[in-house]
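Going by numbering that gives the first Met the number 0, the sequence shown opens with residue 0, and the numbers climb by one from there.
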Amino acid sequence: MLETGKTAAIPDANGSKVKAGDVVVELDPTETRAEVDALLASLRSLRAEVIRRTAASAQVAAWQRGGLWTSSWTISTPLAFDKDIPLSIRTREEAQFQSSLEQLASSLANLSSQREQQLAPLIAWSPPGKT
0 MLETGKTAAI
10 PDANGSKVKA
20 GDVVVELDPT
30 ETRAEVDALL
40 ASLRSLRAEV
50 IRRTAASAQV
60 AAWQRGGLWT
70 SSWTISTPLA
80 FDKDIPLSIR
90 TREEAQFQSS
100 LEQLASSLAN
110 LSSQREQQLA
120 PLIAWSPPGK
130 T
């Protein structure tokens, strides 16, 4: 594949003799550098997302090991970001992590409450002769 770019320098004069390995044209690295920087930022963002999703999965697994949901359960799985993940990405992923788990916790608390309401009449009822 042929890449195009802006010429930064032509070290030899037109008609000069060159040998194998000589630089004949130097391309401006600005566009390539910007593309590399954008790809690195995207990579860091994706790595932070993987860390967040892994931690969320671990938190849910911990809740599942605990049995039935209770509203006293807390979010205790920390996010451990690599040092090269920028603060802005860390902050965004931590907020998303907290929000997702709080939403899940709210749904689970609601389901638990519904379950308790449905079980209450059964628990209050005792068979004849068992008091």
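Heads up, the beta-carbon is just placed ideally off N, CA and C, and yes, glycines get one too.
In this text the structure is predicted, and so the values were computed from the model without any measurement.
Option nearest residue i by Cα separation, candidates the options
i, options, result
"Q97", "S44, V35 and V59", "V59"
"K82", "R43, D11 and G20", "R43"
"E101", "K18, V35 and W62", "W62"
"E2", "T31, A55, A54 and Q113", "T31"
"I88", "V17, V49, S99 and E115", "V49"
"T53", "L39, F80 and R64", "F80"
Coil, strand or helix - residue i by DSSP
i, result
"L26", "strand"
"V39", "Per the sequence shown, residue 39 should be read as Leu rather than Val. Three-state result, L39: helix."
"L45", "helix"
"I74", "coil"
"T53", "helix"
"A12", "coil"
"E2", "coil"
"A61", "helix"
"A79", "coil"
"A131", "Nothing about residue 131 can be read from this structure; the chain reaches only from 0 to 130."
Residue i: first and last residue of the uninterrupted beta strand (DSSP E) it sits in
i, result
"A8", "T6 to A8"
Terminal residues of the alpha helix (DSSP H) in which residue i lies
i, result
"P120", "L86 to A123"
Spatial neighbours of residue i in its chain, beta-carbon cut-off 7 Å, leaving aside the 5 residues before and after
i, result
"E93", "L78"
"Q95", "R51"
"Q57", "The sequence given here places Ala at residue 57; Gln does not occur at that position. Within the same chain, A57 has close Cβ partners T76."
"A8", "E25"
Contact set for residue i: own chain, Cβ-Cβ below 8 Å, skip 5 residues either direction
i, result
"T132", "Residue 132 cannot be examined here, being either before or after the span of the chain that is shown, 0 to 130."
"N13", "none"
Close beta carbons around residue i, own chain, < 6 Å, minus the five adjacent residues each side
i, result
"P190", "A query on residue 190 cannot be resolved here, the shown segment of the chain reaching from 0 to 130 and no further."
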